[in-house]
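FYI, the numbering for the sequence shown is 0 to 488, going by numbering that gives the first Met the number 0. In what follows, a structure is listed as structure tokens, so that the remarks can point back to it.
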Amino acid sequence: MSNSIKDLLDKPFGPYPDWLILNPAFVKGGTSLPRLRNLRLVQNNKFIGLDTSEQYLTAPTKPSEPVHFLGVLLIEKLEWLSEAGLEFLTKDLNDRDGARQSRKSGSKQAPLKLTGIYGQIPARGFRIKVWVQCLKEVPAMFMTDDRYPKSLLLGSRDKRRTYEILSIDRHIHDRSRKFLQRYQLIALIKEILHKHRDDETGRHPLGVETLVAAYRIKHQDENLSHSVLFAKDPPPAPHVRHVSRAEVRAAIAAHAEWILAFYLCPHKSCPLDVIDWCTFIRGVWRARASGAQGMPRNWGRTYSRETTPKFDPDDPTAISEALAAFGETPDVWQKRLDHALTRKTSSTSTAFHLFDDEMHSVPQRLVYDPDFSEPSTPGETSSESESDLETLPLPRIIYKPPTLLPGRFIWDCPVARCNHSVDLLHWGLQETLEDIVVHKHQYSNLSDEQVQNLLFRLVADHYFEHLVRTTKYESKAQFRAEMAKRWKR
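Quick look at the structure:
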């Protein structure tokens, strides 16, 4: 009998409108939210994704067609159902049972009752699943509610009821990737700002490269801690998938305009370095237009066949026109941009510089990320190669040999707004085979030649990361050799 009932209840019943089947007092004022599985969204009798329903950050002047969402709700208690809901569900239950019985024996049995299905003792009876259909009234929330920081929440017009979404239909998920990725980036920014609220990073507007670096550190830390906690004893050496700067930049590039628009909306405090983000967005446009060498065809796009609007990177109004895709007019966005820039420049620099103020202004240029390329073989260092280095717009500080303060084993990058450091005692997952050889060597002090050579190489590699974003100098090995030669004079 139990297996027979279990088979009968295997598939959800419905769909039923939430206003019809649910008790008006259901979870009203409760501490937990009703949970839906297998989320689907419908507009004009067609399935859509969250990318469509959440296209705008501000509601358009012309109302769009209503959006309904459906999901499977497990009815834990019969008190969740309204009187009409009890009647409809009882009828559908017996209709399904009657059809099943007629196929088996042709005989008609006594009707089933919901109270009998659920039983008198909690947790000992069966539970029924129903498709619930709701009229979506407010924007979806993902990872933005402090009470449910990891959840997707949807609000229904009926009783202003909020649902927690536990799973999404596969086809709907494929049409919701932009929405989900965007709010994952917002959650990352929020986490970074909270973590660094009291240090140097938190006191400056957030630039793109700072976000890139913070994500890579977060990825490394989380994967390493998971490997240690759940490894066998003794734990094997953890293997963490390498996430390159290019990979993180591509993820940000796909949503940079939306992120900027999100923080420029009214009633939000903008933590971004607005000029830096605008510069990055224009750089992405240039790269897409020119098809930068080495860049994958779908770089900076969410979908493989996605077509992105084309804007003139040199048009001063292009940013506001791009932001208008998320609601409002370009004029409104331009005013918000101007307001954000006015507010920021009163306490911070007017532009994001990779080096200090000695750096000459050069056109921004996206290059092939060094994480993806092998260093070229260094050629003969000659006066000709040195003259190439002399022509680059480098600040004077880069020519100074890297040094360590007495009693410290950490080199801090002197470049303005850069938080990179090299710890000669704990390199962790950044160690290469060459690093490990030096690290295991029992050197007597930090003036050891091997240690100095290693420090020079690590610092030169870091300076090169700055350099490739602002100049045409692209040979890491040559740059490393030339800088080491200068520092050893």
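Each residue gets a CB set at the ideal place from its N, CA and C atoms; glycine is no exception. Being a predicted model, the structure only gives us computed values, none of them experimental.
Distance check for F25 and N37, CA to CA, integer angstroms please.
Here the question's residue 37 lines up with position 38 in the sequence shown. Here the question's residue 25 lines up with position 26 in the sequence shown. Going from the Cα of N37 to the Cα of F25 covers about 21 Å.
With H, G and I counted as helix, E and B as strand and the rest as coil, what does DSSP make of L56?
As a first step, residue 56 is located in the sequence shown; it is residue number 57 there, counting from the start. DSSP places L56 in coil when its eight states are reduced to three.
Excluding the 5 residues flanking L32 on each side, which residues of the same chain have their C-beta closer than 7 Å to its C-beta?
If you number the sequence shown from 1, residue 32 lands on position 33. Around L32: V26, T161, Y162 and E163.
Out of A260, F310 and V283, point me to the one whose CA is closest to A339's CA.
Sequence index remark: in the sequence shown, residue 339 carries index 340 (1-based). Per the Cα distances, A260.
Of the choices V66, G206, E320 and L56, whose alpha-carbon is the least far from that of G48?
What you label residue 48 is simply residue 49 of the sequence shown in a count that begins at 1. Nearest option by C-alpha distance: V66.
Let me know the secondary structure DSSP gives L32 once reduced to three states.
As a first step, residue 32 is located in the sequence shown; it is residue number 33 there, counting from the start. Coil, per DSSP.
In whole angstroms, what separates the C-alpha of F478 from that of L453?
Locating residue 478 in the sequence shown gives position 479, where the first residue counts as 1. Locating residue 453 in the sequence shown gives position 454, where the first residue counts as 1. Going by the C-alpha atoms only, they are around 15 Å apart.
Leaving out the 5 sequence neighbours to the left and right, which residues in its chain are closer than 7 Å to A186 when beta-carbon positions are compared?
Position 187 of the sequence shown holds residue 186. The residues are M142.
Looking at C-alpha atoms only, which residue of F463, H461 and R456 is the closest neighbour of K484?
Counting from 1 along the sequence shown, the entry for residue 484 is found at position 485. That would be R456, whose Cα lies nearest to the Cα of K484.
Return the bridge partner residues of Y147 from the DSSP annotation.
Along the sequence shown, one-based indexing puts residue 147 at 148. Y147 is bridged to D144.
Consult DSSP for Q333 and reduce its assignment to one of helix, strand or coil.
As a first step, residue 333 is located in the sequence shown; it is residue number 334 there, counting from the start. Of the three classes helix, strand and coil, the one that applies to Q333 here is helix, per DSSP.
According to DSSP, is D9 part of a helix, a strand, or is it coil?
Translated into the one-based positions of the sequence shown, residue 9 becomes position 10. In this structure, D9 counts as coil in the three-state DSSP scheme.
Flag this pair as yes or no: are the beta carbons of M482 and V450 separated by less than 9 Å?
Here residue 482 corresponds to residue number 483 of the sequence shown, with the count starting at 1. Here residue 450 corresponds to residue number 451 of the sequence shown, with the count starting at 1. No; because the gap between Cβ atoms is not below 9 Å, this pair is not in contact.
Which two residues bound the contiguous beta strand (DSSP E) that contains C133?
Numbered from 1 along the sequence shown, position 134 holds the residue referred to as residue 133. Per DSSP, C133 belongs to the beta strand (DSSP E) from I127 to L134.
Starting from the Cα of F178, find the closest Cα among A253, L205 and K90 and give me that residue.
By one-based count along the sequence shown, residue 178 stands at place 179. F178 has its Cα closest to that of A253, out of A253, L205 and K90.
What does the alpha-carbon distance come out to for the pair H170 and V71?
Position 171 of the sequence shown, counting from 1, holds the residue named residue 170. Position 72 of the sequence shown, counting from 1, holds the residue named residue 71. Computed Cα separation, rounded: 16 Å.
Can you tell me the Cα-Cα spacing of P16 and Q42, whole angstroms?
As a first step, residue 16 is located in the sequence shown; it is residue number 17 there, counting from the start. As a first step, residue 42 is located in the sequence shown; it is residue number 43 there, counting from the start. Approximately 15 Å between the Cα atoms of the pair.
Where DSSP assigns a beta bridge to Y15, which residues make up the other side?
If you number the sequence shown from 1, residue 15 lands on position 16. BP columns for Y15 point to V131.
CB-CB under 7 Å to L111, same chain, minus the five flanking residues each way: which ones, in chain order?
Translated into positions along the sequence shown, residue 111 becomes position 112. Closer than 7 Å at Cβ, skipping near neighbours: L92, N93 and D96.
Tell me which residue opens and which closes the beta strand (DSSP E) that I47 is part of.
Here residue 47 corresponds to residue number 48 of the sequence shown, with the count starting at 1. Residues K45 to I47.
Pick helix, strand or coil for T161, following the three-state DSSP scheme.
Along the sequence shown, read from residue 1 onward, the residue named residue 161 stands at position 162. Strand at T161.
Distance check for L336 and S319, CA to CA, integer angstroms please.
Here residue 319 corresponds to residue number 320 of the sequence shown, with the count starting at 1. Here residue 336 corresponds to residue number 337 of the sequence shown, with the count starting at 1. Using only the alpha carbons, I get a separation of about 8 Å.
Three-state secondary structure (DSSP) at V421?
Counting from 1 along the sequence shown, the entry for residue 421 is found at position 422. Three-state DSSP puts V421 in a strand.
Please report the Cβ distance between V211 and D275, rounded to the nearest whole angstrom; I am assuming they are in contact, meaning their Cβ atoms lie under 8 Å.
Working through the sequence shown from its first residue, we reach residue 211 at position 212. Working through the sequence shown from its first residue, we reach residue 275 at position 276. Contact flag wrong, Cβ pair sits at about 12 Å.
What are the boundary residues of the alpha helix (DSSP H) that G115 is part of?
Your numbering for residue 115 matches position 116 in the sequence shown. G115 -> alpha helix (DSSP H) spans L113 to Y117.
I think F125 touches L8, with their Cβ atoms under 8 Å apart; what is that distance to the nearest whole Å?
Start at 1 with the first residue of the sequence shown, and residue 125 comes out as number 126. Start at 1 with the first residue of the sequence shown, and residue 8 comes out as number 9. Contact holds; Cβ gap of about 6 Å.
If we call anything under 9 Å between Cβ atoms a contact, is K128 one with L153?
In the sequence shown, counting from the first residue as 1, residue 128 sits at position 129. In the sequence shown, counting from the first residue as 1, residue 153 sits at position 154. No, they are not a contact pair.
How far does the alpha helix (DSSP H) with G282 in it extend, from its first residue to its last?
The residue you call residue 282 lines up with position 283 of the sequence shown. It spans V273 to S289 - the alpha helix (DSSP H) in which G282 sits, taken as one unbroken run.
Could you spell out where the alpha helix (DSSP H) holding W257 opens and where it closes?
In the sequence shown, residue 257 corresponds to position 258, counting from 1. Start and end: A255 to L263.
Under the rule that 16 or more other beta-carbon atoms within 10 Å means buried, what is K90, buried or exposed?
Sequence index remark: in the sequence shown, residue 90 carries index 91 (1-based). When all chains shown are included, K90 counts as exposed.
Do you know whose CA, among T114, R176 and F68, lies nearest K45's CA?
Taking the first residue of the sequence shown as 1, we reach residue 45 at position 46. With distances taken between Cα atoms, K45 lies closest to F68.
Looking at the structure shown, is Q180 part of a helix, part of a strand, or coil, going by DSSP?
Here residue 180 refers to the residue found at position 181 of the sequence shown. Q180 falls in the helix class under three-state DSSP.
Check this for me: beta carbons of P204 and V273, under 9 Å apart or not?
Working through the sequence shown from its first residue, we reach residue 204 at position 205. Working through the sequence shown from its first residue, we reach residue 273 at position 274. Going by C-beta atoms, P204 is nearer than 9 Å to V273.
Should A109 be labelled buried (16 or more other beta-carbon atoms within 10 Å of its own) or exposed?
Mapped onto the sequence shown, residue 109 falls at position 110. Answer is exposed; the Cβ neighbour count stays below 16.
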